[in-house]
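In UniProt numbering, the protein residues as written are 1 to 164.
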């Protein structure tokens, strides 16, 4: 292993975290606008494309989440204690969508990493106690998912080599 390998891994981890950050912002915007996912993305992210994100992950997550947001939200219903997913704050919904996407479609990312990243996003963007709610509900979801949740067919060797 060369001395450059740890640095490349750190860069890949940072790029994935940055992609989650960008994805959260775009999902939030998508919820507040009455526009198609394509329109929102085209008028936001594409015009401000960044080189420091994991674009493969971002594209896969954006397309899957916007196409399956209802299905992803339903995963949380057993843990919401008589609340509907749509009643949650838009930031919380976006964070939970990202984490649910990763927990169900990206087996190359460890559940602990997924939950920690979601908690960090909630601390930065959510309400004061939002991170506790996010942590608790994702912990429950991660423990109640089937052992072999389906892996996205678009996950390639490129993404499995990328760090969390």
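Even for Gly, the Cβ is constructed at its ideal location relative to N, Cα and C.
A quick note: this is a predicted structure, and the numbers were derived from the prediction, not measured.
For the pair residue 126 and residue 99, the Cα-to-Cα distance works out to about 15 Å. By alpha-carbon distance to residue 67, the top candidate from 27, 118, 52 is 27. DSSP, reduced to helix, strand and coil, places residue 6 within a helical segment of the structure shown. In the three-state reduction of the DSSP assignment, residue 142 falls in the helix class.
Around the CB of residue 52, fewer than 16 other CB atoms lie within 10 Å, so the residue is classed as exposed.
In the structure shown, residue 29 adopts helical secondary structure according to DSSP, grouped into three states. Here the alpha carbons of residue 120 and residue 103 stand approximately 16 Å from one another. With respect to the 8 Å criterion, residue 72 and residue 97 are classified as neighbours on the basis of their beta carbons.
Given a length threshold of 4 residues, each whole run of the alpha helix (DSSP H) inside the UniProt domain "NusB/RsmB/TIM44" (18-143) is given here in chain order: 37-43, 55-74, 90-105, 111-125. When rounded, the separation of the alpha-carbon atoms in residue 22 and residue 105 is 19 Å. Between the C-alpha atoms of residue 83 and residue 134 there is a straight-line separation of about 14 Å.
The C-beta of residue 87 has fewer than 16 other C-beta atoms within 10 Å across all chains shown, which makes the residue exposed. Going by beta carbons, residue 94 and residue 57 fall outside the 8 Å limit. Within 10 angstroms of the beta-carbon of residue 10 lie fewer than 16 other beta-carbons, which makes it exposed. Cα atoms of residue 69 and residue 29: separation of roughly 14 Å, rounded to the nearest angstrom.
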